[in-house]
Amino acid sequence: MTFAGCLGGGSGGNSSSDIPDWEKGMEYIDLPSSYSDSCFSTPCVRPFDVGDPNSNTTWGNSSWVVFGNEEGGNCCEHYLAATKEGWILNFGGEYPTWSEDRGHTWQEYRPSILSQIGCLEPKPTVPGQEGLGEGSIVQATNGDLISMGWFPYPSSSGADQFYAFFYDAEDQEWSWCFNRTPEPFYDRSWQVEVVGPINGGIYGNGPWASLVISNFWHQSSNIGGQISTDGLNYDYFSFPDRDANLDSIEVDLNPESLGVEWDFTKPHKEMRSFPVPSGGLYFPNYFLDGTDAYVDTALNWWAATTLNGSSLPTEYCAFDSSTALHCFEKMSSGVGLHHYVSWDGGESWDTKDYNLNGTASELEEWEWHSSGVHDLLVVNIRYQSSEGPDVDLAYHVRGFSESLEPDIKVYLGLGDLDSTSGAGNDIRFDFASMGILPDGGAFIAYHDSSDPDPLFGVELMLPTEYGLHVAVI
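Counting from 10, one number per residue, gives the positions in the sequence shown under our numbering.
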């Protein structure tokens, strides 16, 4: 007999005859009991309510394994990502942290006393004593991990320090360099790949470029970012003014096919850009008039359109390996999200609303990821409920190529805590963060009263059609 999680419970009050057979075809990919010593959170495995995606009716619950800031986060944030090899990445805190086995064991890279040969600004450090920090991380299309950490506070290693961290997929080794950026760096970084090969002139050449921006400066002053063609040495990279009049270029956003790596290249949505399969980086709705922007493989800026001369509908877009181009934005009226998906490079769109009117008073944070391999879209929303506390949701859309209607809604955690983003707030949850593993399991940050700091859960129950599973007898 196979049990699909800790069934029963639920708060919908509906009779069993009204509950669909939602657990049919679902099995554990890992035994929940196998995580008893894997995490600092207590309890390690928790039941999350699941229910009707279009109502508040609950159907039962399923087990997720839960982790905290000891597994790579900090007081207020997790910065999560996945790799095509199956790693869970977290750079919410000081150093790159990862698990290669769905959270059973965790590793952390700390810089060596001396930085690598080839660093343009050599600097010794005191490993583990750089002070409180935070960072960003994402996998490039060739498998490398591009990453950076910012240590703002005075410590035995200095203050306001920018450390580049880089994992070479071919050599399977981490390295680091100190960078004294020419522009002030402040607040959480966002990071993205510029698809190459790059012939960047003064910035150098490489298989890709890594672009980092500061959340605070980029959103408030458009000051610019830092760019690297080796993942270790960064230079200032200016951004055009939002009212600039640049030459325009048509960009091909309609690839015939994409590899599995394109399920793992999406940056955090607040990067507000996405890698382009044919090369470069695309910034939808960058200019004040709604025109898009594009950085080419020579690292030049352009105004941009799709091949038919159109702009994309929102700032928040990304590809997955199915060649689908997903875009999201807040609903223009009411509370919720509007989802667009294009199969022809932005020439036409299918749409779906995630409407929370009557349930939510406002959206707090949100994010999405998609897996083209599994035809899976997961949408994460944290909203202020009409009753007061914040609620974390995950909508699963299985088979988005056929229908954008979600199949199930998961309530992450207890939904009993009112938190606010930003420095100076006692209870903080600064941004949504999530990923989808190659096996189709989602992992998503959330916050409830069970822990003073944000947590993240890893999904254990998956459709058997996704691959190997463990049947619980």
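Even for Gly, the Cβ is constructed at its ideal location relative to N, Cα and C. Note that this is a predicted model, so its numbers are computed, not measured.
Taking Cβ positions, are residue 275 and residue 405 nearer each other than 8 Å?
-> no
Residue ranges of each alpha helix (DSSP H) run of no fewer than 4 residues wholly in the segment 283-336, ordered along the chain?
-> none
Runs of beta strand (DSSP E) lying entirely within the segment 358-383, each at least 3 residues, in chain order = 359-364 and 369-380
What do you reckon, are the CB atoms on residue 63 and residue 82 nearer than 8 Å?
-> If you check the CB distance, residue 63 and residue 82 do not come in under 8 Å.
Hey, which unbroken runs of the beta strand (DSSP E) at 3 residues or more fall wholly within the segment 201-268?
-> 214-223, 234-237, 244-246 and 257-259
Quick one: what does DSSP say residue 62 is sitting in, helix, strand or coil?
-> coil
Bounding residues of the beta strand (DSSP E) (the contiguous stretch that carries residue 148) | 143-148
What does a CB cutoff of less than 6 Å around residue 219 pick up in its chain, not counting 5 residues either side in sequence?
-> 155, 237 and 240
Residues sharing a beta bridge with residue 391, DSSP | 374 and 401
Would you identify the three-state DSSP class for residue 473, choosing helix, strand or coil?
-> Helix, per DSSP.
What is the rounded straight-line gap between the Cα of residue 335 and the Cα of residue 141?
-> 35 Å
Decide if residue 174 is buried, meaning its Cβ has at least 16 other Cβ atoms within 10 Å, or exposed.
-> buried
Determine the direct distance from the alpha carbon of residue 242 to that of residue 188, and round the result to whole angstroms.
-> 7 Å
Can you check DSSP and say which residues form a bridge with residue 182?
-> 177
Return the CA-CA distance between residue 27 and residue 69, expressed in angstroms with no decimal places.
-> 12 Å
Kindly indicate which residue of 40, 461, 425 and 472 has the alpha-carbon position closest to the one of residue 84.
-> 461
Starting from residue 197, follow its DSSP beta bridges and name the residues at the other end.
-> According to DSSP, residue 197 bridges with nothing at all.
If you drop the 5 nearest sequence neighbours on each side, which residues of the same chain put their C-beta closer than 7 Å to that of residue 118?
-> 104, 105, 174 and 183
Inter-residue Cα distance where the pair is residue 150 and residue 427 = 38 Å
My guess is that residue 456 and residue 464 are in contact by the Cβ rule of under 8 Å, so how many angstroms apart are they, rounded?
-> 7 Å
Residue 410, DSSP secondary structure in three states = coil
Neighbour-count burial assignment, residue 78, 16 or more Cβ in a 10 Å radius = buried
Considering only residues of the same chain and omitting the five flanking positions on each side of residue 338, which have a CB-CB separation below 6 Å?
-> Take residue 338, set aside five residues on each side of it, and the residues of its chain with a beta-carbon closer than 6 Å to its own are 323 and 347, in chain order.
CB of residue 166 within 8 Å of CB of residue 114, strictly = no
Pick out whichever of 467, 443 and 260 has its Cα sitting closest to the Cα of residue 87.
-> 443
Counterpart residues of residue 55 in DSSP-defined beta bridges | 73
Which same chain residues, not among the five before or five after residue 297, have their C-beta less than 8 Å away from its C-beta?
-> 251 and 252
Nearest to residue 345 by CA position, among 362, 329, 332 and 354, is which residue?
-> 362
Put residue 133 into one of helix, strand or coil per three-state DSSP.
-> strand
At least 3 beta-carbon pairs within less than 8 Å: the segment 205-225 vs the segment 275-290 | yes
Could you give the DSSP three-state label for residue 79: helix, strand or coil?
-> helix
Given residue 304, which residues of its chain have a CB within under 7 Å of its CB, disregarding the five upstream and five downstream residues?
-> 203, 289, 290 and 310
Identify whether residue 459 lies in helix, strand or coil by the three-state DSSP scheme.
-> In this structure, residue 459 counts as coil in the three-state DSSP scheme.
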